[in-house]
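J.: Sequences listed follow chains D and L, in order.
So for the first sequence, my numbering puts the first residue at 1; every next one is plus one.
So for the second sequence, my numbering puts the first residue at 1001; every next one is plus one.
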Amino acid sequence: MASRAVAREAVFALRREIARIEGTLPQRLEGQAGEAEAAQQGARLRLGIDGFDALLGGGLMRAALTEIHGCETRDAGAVAGFTLALVARLLREVPEPGLVLWAGTVEVFREAGLPHAAGQHALFGLAPERLVLAQVPRLADALWVAEEAIPLQRLAAVVVEARGNPEKLDLTATRRLHRRAQAAGRPVLLLRQAAQPEATAAPVRLVVAPAASGQRSTLAGPLDGSIGRPAFTVSVDKCPAALPGLFTLEWNSDECLFTERAKSQNRAADPVAVVSLSGCRAGPAPAAGQVVAFRRQGAPAAGAEHTPEQHDAGRGPRRAG
Amino acid sequence: MLSIHQNNTTQVAALDARAEALGLKRGMGLAEARAMHPSIAVAEADRQGERRLLEGLADWCDRYTPLVALDGEDGLFLDVTGCTSLFGGEKAMLNGMLARFFEQGFEVRAGLASTAGAAWAAARFFGRLVAAPGQEREVLAPLPPQALRLESPLCTGLDSVGLRSVADIMTAPRAPLARRFGRTLLMRLDQALGRIDEAVSPRLPVASLSVERQLAEPVVLTEDVERLAQMLAEALRRDLERRGEGARRLGLSLFRVDGAVSRIAVSTSLPLRDPGKIHNLFREKLAAIADDFDAGYGFDLVRLAAFATAPFDMRQTDLAGEASTAQDDLALFADRVRARLGAGAMMRPVPVESHLPERAVALRPFTGEARPPASGRGRPLVPAARVVPSHMPARPIRLFGQPEPVEVPATEMPEGPPLRFRWRRAVHKVVRAEGPERIASEWWHGAADTPTRDYYRVEDSEGRRYWLFRQGLHEAGQPSPHWFLHGLFA
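#1: I'd like the list of long-range same chain contacts for residue 1473 of chain L, defined as Cβ closer than 7 Å, with 5 residues on each side in sequence excluded.
#2: So is residue 1044 of chain L in contact with chain D if we call contact Cβ pairs under 8 Å?
#3: Going by the beta-carbon positions, is the gap between residue 77 of chain D and residue 1464 of chain L smaller than 8 Å?
#4: Specify, as a first and last residue, the run of the beta strand (DSSP E) that residue 1120 of chain L falls within.
#5: Taking C-beta pairs closer than 7 Å, name the residues in chain L that residue 116 of chain D reaches, listed in chain order.
#6: Which class does residue 1077 of chain L belong to by DSSP, given the choice of helix, strand or coil?
#7: Just list the residues that DSSP pairs residue 257 of chain D with in beta bridges.
#8: Fully enclosed by the stretch 1251-1335 of chain L, which beta strand (DSSP E) runs are 3 residues long or longer?
#9: With 8 Å as the limit, tell me which residues of the stretch 1339-1358 of chain L have their beta carbon closer than that to any beta carbon of chain D; keep them in chain order.
#10: To the nearest whole angstrom, what separates the beta carbons of residue 1299 of chain L and residue 1256 of chain L, a pair I think is in contact under 8 Å?
#11: Just verifying my parser: in three-state terms, what is the DSSP assignment at residue 120 of chain D?
#12: Using a beta-carbon distance cut-off of less than 9 Å, what residues from the stretch 1421-1438 of chain L approach chain C?
#13: Exposed or buried, which one is residue 1466 of chain L when buried takes at least 16 other CB atoms within 10 Å?
#14: Is DSSP giving residue 1385 of chain L helix, strand or coil here?
#15: Tell me whether residue 1380 of chain L sits in a helix, a strand or coil according to DSSP, three-state version.
#16: In angstroms, rounded to a whole number, what distance separates the CA positions of residue 1258 of chain L and residue 1297 of chain L?
#17: Under three-state DSSP, which class holds residue 1185 of chain L?
#18: Going by DSSP, which residues form a beta bridge with residue 173 of chain D?
#19: In or out: residue 12 of chain D buried (at least 16 other Cβ within 10 Å) or exposed?
#20: Roughly how many angstroms lie between the CA atoms of residue 1184 of chain L and residue 1069 of chain L, to the nearest whole one?
#21: Which one or two residues does DSSP pair with residue 1108 of chain L in a beta bridge?
#22: Can you tell me whether residue 93 of chain D is helix, strand or coil according to DSSP?
#23: Would you say residue 1333 of chain L reaches chain D, if we count a Cβ-Cβ gap shorter than 8 Å as a contact?
#24: Excluding the 5 residues flanking residue 1088 of chain L on each side, which residues of the same chain have their C-beta closer than 8 Å to its C-beta?
#25: Would you say the stretch 217-229 of chain D touches the stretch 177-188 of chain D, given that touching needs at least three Cβ pairs under 8 Å?
#26: Counting contacts by CB-CB distance shorter than 8 Å, is residue 107 of chain D in contact with chain L?
#27: Under three-state DSSP, which class holds residue 232 of chain D?
#28: Contact defined as beta carbons within less than 8 Å: I believe residue 155 of chain D pairs with residue 149 of chain D. What is the distance between those atoms, to the nearest angstrom?
#29: My parser needs the beta strand (DSSP E) runs of 3 or more residues fully inside the stretch 1203-1243 of chain L; what are they?
#30: I'd like the list of long-range same chain contacts for residue 213 of chain D, defined as Cβ closer than 7 Å, with 5 residues on each side in sequence excluded.
#31: In chain L, which residues lie less than 7 Å from residue 196 of chain D when you measure between Cβ atoms?
#32: Within 10 angstroms of the Cβ of residue 1280 of chain L, are there 16 or more other Cβ atoms? Answer buried if so, exposed if not.
#33: Using the rule of at least 16 other Cβ atoms within 10 Å of the residue's Cβ for burial, across every protein chain shown, is residue 1060 of chain L buried or exposed?
#34: Quick one: is residue 200 of chain D buried, meaning 16 or more other Cβ sit within 10 Å of its Cβ, or exposed?
#35: Out of curiosity, what's the CA-to-CA distance linking residue 1217 of chain L and residue 1099 of chain L?
#36: Step through the CB atoms of chain D and report whether any lies within less than 8 Å of the CB of residue 1463 of chain L.
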């Protein structure tokens, strides 16, 4: 037993050495998908997207804290949807699925809406009796509830929801969650609405944004103007392999799996030309300074750099420098 | 001296010994009293304050017996049956109680007898008297009829026919008395003499089991209180084991040295008798009320009582000595969360037969996992990919407790979804929309006459999906409809 451990340690040391020579991280080496991977096969939750899973080193770690960020509070639907999709895949894989504890503060649930069992059941197959909501007054209470809940055997996953960048959710608090998740072998998903990425103990941080949904498929082909399968833009902000990645995933609720949408299929959110094509004349002389976004058509090229409509949600003229 | 406004006159409600010495009496008019002695100091009586004080005293008296009842505005009944031996006999108990009251600054009269009526009379007319069983007749005989707890008009009536003492009433023939003065008189007489039983209804529910510990030195620290709770729980376990039960609702009463009593109650989802678990529950509760927890000069009596119990199903422990199952752990966890954060902290959604979205899912307190139903009627617990039929209209995954108002420009077309809307001060441009789904109010639920709602699923230019509804219709003579945002889709 001890000799085996020593041998494994030697292999790992060699792998680190090779990675150092190749100038990369040990996690990125090809050989990683070897016996260590096989040992960890059950420890990873595969999303079913090869590129995504490979980036995360075989899938999302089960026994770990995973951060799922949303840039704005109004993205809460997408963040919750992606989380529930992960939970749905998780519940499908375990032979005897347990409950899901969703802990959040009153403030989060007021600002982002309370998880609605009817919709979650329809789209993610999460039956109402599987969901337990912990609605507590303060973030410290939510963290306490989560920490106490993680060791419980009947829970399949623990979801903690917070908003913004509160001081309570620092490296210490996240490390406590992460250690307990590791000890219990249970995924803990930390949902953070309207939060800036900061240093936490979570090994993986995903930033979820909404993406234009697919179209409803009918016998006569996709139905124009309909709202079909939900889609998310998921960017891997932090992972052990330290490789960034951006994926647009569509959730197929019938099959309970993600499908990746090819880049070409990504429809423009607003499919009109941003700038009208110029006519037979040459364009006006370029103004000084770097143009970040094109100004609205017909507006004069120079002058009025810092007008009040500049703040109009990025729609107005914007100029840097 | 205290005054009270009663029956359209201001009367003397209470007076101290010095005022009594001046010849003033309770019930005399204040104007009369002032005419006799212009220099008396009069204050308005505070009935509610007196009531609170009396309840505080009743709380304090809990240390002698759990059966404490309020008697009118100025008395307490203590049913000390079986308790006296704990305090050194009846006489010693009464003396000790009066001494402690005196130390607290109260002048108290007390009587102890086998019946409530006799004890009442002994307290009011003798001050400090212990009547032996069977002695009620001798105690009551020389007293006026008021000693039988009778209304004053009835006493006046008795006085007018010459029945001036209880002895007179006892010797008078019963039938004419009942005919003339009603049944109350004889009932009170019989109650005082113990011929019929009288139930003293206690102010607080009486615990079926309780254990307590008198402390020579008052404890102040919360940790000590927790440790005491565990020690008491160990004592309680023996009683629970003898009865084959577990506690469902537990109360910890902390009697402070200065007379205040704090009560801490916890309830459990499963019958409980393990001292460690009970200790945990009280630790959470004490942590939750840490700010309001005022130990003052310390607690000198701690009592743990089981107010509700339920049969405890014994389970065989396995070889590792582990008897608790995962479901028990979950129930215990829910109890601890509830003890610390209140009953509303752990909820489970329950589908309700209602098509109003805010009523379709009710939140009920979570008390551990429901056992799978034995019959085949229950919903399968294994999650299918889609259990809800696909022809059902889609529901959002997050729902706002209150639909949030959104601004839709007035120039929009009257029917159909909006082209753009403003929610939380940001303008959202609608790219795609589905709907409407019309949901009318539930007219069978009484007079709630809310306007019809037309729900739309819309997607904005950045891919966010919202659930909007228009309340009301564009009709002549009706107020123009308003738009609300009710939920978010994945």
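Built from N, CA and C at the ideal position, the CB exists for glycine as well.
T.: The structure says:
#1: 1452, 1481
#2: no
#3: yes
#4: Per DSSP, residue 1120 of chain L belongs to no beta strand (DSSP E); it is in the alpha helix (DSSP H), 1116-1125.
#5: 1361, 1395, 1396, 1397, 1398, 1399, 1487
#6: strand
#7: D:252
#8: 1261-1272, 1299-1311
#9: 1340, 1341, 1344, 1345, 1346, 1347, 1348, 1349, 1350, 1351, 1357
#10: 6 Å
#11: helix
#12: Of the chains in the structure shown, none is chain C; the protein chains are D and L.
#13: buried
#14: With a pLDDT of 40 at residue 1385 of chain L, under the threshold of 50, the modelled position of this residue cannot be trusted; read the value that follows with caution. Residue 1385 of chain L: coil per DSSP, three-state reduction.
#15: Legend: pLDDT at residue 1380 of chain L = 43, less than 50; position of this residue unreliable, value from coordinates given subsequently. Residue 1380 of chain L: coil per DSSP, three-state reduction.
#16: 7 Å
#17: helix
#18: BP columns for residue 173 of chain D are empty, so no partner.
#19: exposed
#20: 21 Å
#21: According to DSSP, residue 1108 of chain L bridges with nothing at all.
#22: helix
#23: yes
#24: 1096
#25: no
#26: no
#27: strand
#28: 6 Å
#29: 1209-1219
#30: 227, 228, 229, 230, 231
#31: Per Cβ cutoff of 7 Å: no residues; residue 196 of chain D is ~19 Å from chain L at best.
#32: buried
#33: buried
#34: buried
#35: 19 Å
#36: yes
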